[in-house]
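One structure is given below, encoded as structure tokens.
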Amino acid sequence: LESPHSSQGGSVVGILDGTLDDPKRHARAQHNALERRRRDNIKDMYISLKDVVPDMQNERASRAVILRRAIEVIEEKQQQRADLKADCDRLRSEMAELEREVCVFASLLTI
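In structure tokens form, the structure reads like this:
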């Protein structure tokens, strides 16, 4: 018969009252709480993303649908930005050409 303070696996008293598992249970509970907070945070971020993606505010959608639509919106905005930049560059060139013409006409008036 082993002593209640045996070195094999801890004391019989500790095994019976669960005190040996307490650090493990505490660590597991802490891990579970952290994991729950992480999942809640991800869920909240999906809700926030859905709220800012056009035409999705009142729609029930899976996370995959939310991400897909967000990607579509981002790609559309990137294309719009590229188009606007091209327009801006074209207008700058046009303005520079018009300024040159103004200078030419102004010089003709002073002659």
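With our numbering as the guide, the letters of the sequence shown map in order to residues 754 to 864. All residues carry an ideal CB built from backbone N, CA and C; glycine is no exception.
Which residue marks the beginning of the alpha helix (DSSP H) containing residue i, and which one marks its end?
i	result
Q833	R816 to L862
P776	D775 to V805
Straight-line CA distance for residue i to residue j?
i	j	result
E788	Q833	39 Å
S860	L851	14 Å
I827	A839	18 Å
R843	E829	21 Å
S760	I819	Note that S760 has pLDDT 47, beneath the 50 cutoff, so the model's placement of it is unreliable and no number is given.
R791	C841	44 Å
Here's the rule: buried if 16 or more other CB atoms are within 10 angstroms of the residue's CB, otherwise exposed. What is residue i?
i	result
V855	exposed
K803	buried
V806	buried
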